[in-house]
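Below is one structure, written out as structure tokens; comments come after it.
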Amino acid sequence: MKGPICSICMRSDFLCAACNEKVRTEKLDKLTLDVVRFLGSLEDRYKNLRDAEVRQVMDVGKALVIVAGKGSGGKIVGRGGVIAKDLNARFGMVRVVEEGTREEMIQSLLFPVKPIGVNKVYGGGGEKYKLRVKMADKKKVPMGNDEFREITKKLGAEAEIFFE
Ligand SMILES: [Zn+2]
């Protein structure tokens, strides 16, 4: 795991001086440390986690959102969502987004589904994203529109999924 704390601190309950300083200056909360340490503890079982990166963890109410480094989203979700299931069992509902532009982050919430298109609409409240998803993929989308809207709002955007 690559995370905001070093690999030694990730595997212990203590923080070294450097990490302690980092936690203080970057205002890393307990939640982020808990999630990073939990994922670190799964490394031996899921080898792909070794080079997965967690940037941040956000509590968005109904769910926790793990902001993963670029290319790390799939590794944290695990094959067939196997690690996501472990995360859900430990922390309640957990969602994973991949760091990137706002549009990329929003799209990554649908993982493993890829939208067939993203329309950006400019309206009264600013820009809004319409993610167009194949009806055939509906069952594979990890969340409903209510949750999707709630999470994307926390990411600073309005977005909605359209099935067609
Ligand atoms: Zn450390």
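Start counting the sequence shown at 1; every next residue gets the next number (the working numbering).
Ideal Cβ placement from N, Cα and C applies to all residues, glycine included.
Of all alpha-carbon atoms in Arg37, Ser7, Gln56 and Met10, the one lying nearest the alpha-carbon of glutamate 26 is that of Gln56.
By the C-beta density criterion, alanine 84 is buried, having at least 16 other C-beta atoms within 10 angstroms. In the DSSP annotation of this structure, the continuous segment of the alpha helix (DSSP H) that includes valine 35 starts and ends at 30-42. In terms of side-chain proximity, the C-beta atom of leucine 28 is found no nearer than 7 Å to any non-hydrogen atom of ligand 1. A distance criterion of 7 Å places the beta-carbon of leucine 15 in contact range of ligand 1, judged by its closest non-hydrogen atom. Methionine 135 counts as exposed, since fewer than 16 other C-beta atoms from the protein chains shown sit within 10 angstroms of its C-beta. Of the heavy atoms belonging to ligand 1, none sits nearer than 7 Å to the Cβ of isoleucine 66.
From the listed residues Lys47, Lys139 and Tyr122, the smallest Cα separation to methionine 1 is found for Lys47. The alpha-carbon of isoleucine 161 is positioned some 6 Å away from that of lysine 130.
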